[in-house]
Each structure stands twice: as C-alpha cells, then as structure tokens.
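Colleague:
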Amino acid sequence: MKKIFILPLFITMLLVSSCNQEADPSLDPRPLLVNGQFMRLDIQKDRLDATDLQNTSFGGPLTNPSGTVVRFEMFVRVSRAGDLISDYLLYDKIYSFPYELSVTPASIEAVYAREGIPLTLRNADKIRFVTFSYDSSENKVGYTNLSRTVQTEAGYKQAYRFNLQVTDQLEAPVNNYEAN
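The working numbering puts the first residue of the sequence shown at 3, with every later residue one more than the last.
(1) May I have the straight-line CA-CA distance separating F99 from S139, to the nearest angstrom?
(2) Which word fits S104, buried or exposed, when buried means at least 16 other C-beta atoms lie within 10 angstroms of its C-beta?
(3) Whose C-alpha, out of A108, D127, K95, is nearest the C-alpha of L86?
(4) Please work out which residues of its chain come closer than 7 Å, Cβ to Cβ, to E111, disregarding the five sequence neighbours upstream and downstream, and give them in chain order.
(5) Which residues mark the beginning and the end of the beta strand (DSSP E) in which S109 is found?
(6) I96 to D170, Cα distance in whole Å?
(7) Compare the Cα-Cα distances from V176 to each of R42, R49, D44 and report the closest residue.
(8) Tell me, which residues are paired with G128 by DSSP?
(9) Taking its Cβ as the centre, do 16 or more other Cβ atoms sit within 10 Å of S149, making it buried, or is it exposed?
(10) Leaving out five residues on either side along the sequence, give the residues of the same chain with a beta carbon under 7 Å from the beta carbon of F134.
(11) Determine, using beta carbons only, whether Q46 and S68 come nearer to each other than 8 Å.
(12) Determine whether the Cβ of V71 lies closer than 8 Å to any Cβ atom of chain B.
(13) Assuming T65 is part of the beta strand (DSSP E), what are its boundary residues?
(14) Starting from Y93, trace the beta strand (DSSP E) both ways and give me its first and last residue.
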C-alpha cells in the first residue's frame, strides 16, 4: 500500500521539477531561436559614469537570433533637463553580427558634431536609441513591429528602443527599456 502512494508522489514531483526547468530559460540547453527579424541586445554596461566620462561606455553583445537581418541602423537623441537637444540623428549602421556594441560619450558627441550641434555630455543627460533592422529584401522592422510584451518586458532584450543615462548614481537599479 505504501508503494502505491509513493510512486504517484514521485511521478508528480518529477513532473513539477521538469515544469520548473521550462520556466527558467537559463536551464534550457537549446539556442535562442526566433522566427522573423529580431535583434537582441544583452546589455552588460547599463549607464555612462558621469564621474569618468573619458573611460565609460554602455553596451553589450548585439545578436541576430533569426539570422535574417543584414543591416541594423541606430539613431540617437539626447535630452537635458527634459529638453530635447535635437531630433534623432544617425548613430551607426551595422552589417555583421554578432557585434559588440560600445556606446561612449565621445561617440555620441561626434554624431552631434557631424550635424554641427555642439554637445558635451554631463550628469543627468538622458540618451534614447531607436533602431531599425532590414532583411535582404529591405523589409524594415522597428519597435512598433514588436508585440506589446516584447516591447515592455526587459527579459526579451529587444534592441529596437532603449535608453541610457549619464549618472553618478552607479549602484541604483536601471531599466534601460522604460519610456523617457
């Protein structure tokens, strides 16, 4: 009688254990597969250090999980104290993936200088990137093409719209995907 009770209990525990592995993607040995155009940014440096602007950077690996993207265009804009310094300006075009994205204060300032707009980044500046990916047929995908879940959930690591801040608050938590 005892064996009859223990066997179903063991099977139930085994099923619950396997369900928990599905909920934790880090336990999934399969590679990330995505249908359609999608770019992923695994942000490893999430802000620009205002106390060391010469040596700080934002970024991480930029990947093309679907393998369908042939061009990735990045546009940047900076706001200071709630005021936009300009509309979006072309930051970069990327043609091969994976790509190690590294955004520095100097690279942002160079984009503005190219347009004749003087800019020196300082503490509390907010920087927004909007990007677009293109496949070999020139089909364009941007943030508005993503589902609402992918747009708002940081865990999906979408690379189509993200923010960073110049800050001296290096320990505070950051959400690079919230609207600003």
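Where is the CB? At the ideal position from N, CA and C, for every residue including glycine.
Modeller: Well, looking at it:
(1) Stepping through the sequence shown from its first residue, residue 99 is reached at position 97. Stepping through the sequence shown from its first residue, residue 139 is reached at position 137. The straight-line gap separating the alpha-carbon atoms of F99 and S139 is approximately 18 Å.
(2) Taking the sequence shown and counting its residues from 1, one reaches residue 104 at position 102. By the neighbour-count rule (16 or more Cβ atoms within 10 Å), S104 is not buried but exposed.
(3) Against the sequence shown, residue 86 aligns to sequence position 84. With distances taken between Cα atoms, L86 lies closest to D127.
(4) Along the sequence shown, one-based indexing puts residue 111 at 109. Closer than 7 Å at Cβ, skipping near neighbours: L121, T122, L123.
(5) On the sequence shown, residue 109 is found 107 positions in, with the first residue counted as 1. From DSSP, S109 is part of no beta strand (DSSP E) but of the alpha helix (DSSP H) over 107-116.
(6) In the sequence shown, counting from the first residue as 1, residue 96 sits at position 94. In the sequence shown, counting from the first residue as 1, residue 170 sits at position 168. Each residue's Cα considered, the two are about 30 Å apart.
(7) In the sequence shown, the residue the question calls residue 176 occupies position 174. Checking every option, the nearest Cα to that of V176 belongs to R49.
(8) Taking the sequence shown and counting its residues from 1, one reaches residue 128 at position 126. Residue identity differs from the one stated: residue 128 is Lys in this sequence, not Gly. Answer is S81, Q167, bridged to K128.
(9) The residue given as residue 149 occupies position 147 in the sequence shown. Counting of Cβ neighbours within 10 angstroms places S149 among the exposed residues, the total staying below 16.
(10) Counted from its first residue, the sequence shown places residue 134 at position 132. For F134, the CB contacts under 7 Å within the same chain, skipping 5 residues up- and downstream, are E75, K142, V143, G144 in chain order.
(11) The residue given as residue 46 occupies position 44 in the sequence shown. The residue given as residue 68 occupies position 66 in the sequence shown. Not a contact, by the Cβ cut-off of 8 Å.
(12) Looking for chain B here will not work: only one protein chain is present.
(13) The residue you call residue 65 lines up with position 63 of the sequence shown. For T65, the enclosing beta strand (DSSP E) stretches over residues 60-65.
(14) The residue you call residue 93 lines up with position 91 of the sequence shown. Per DSSP, Y93 belongs to the beta strand (DSSP E) from 91-96.
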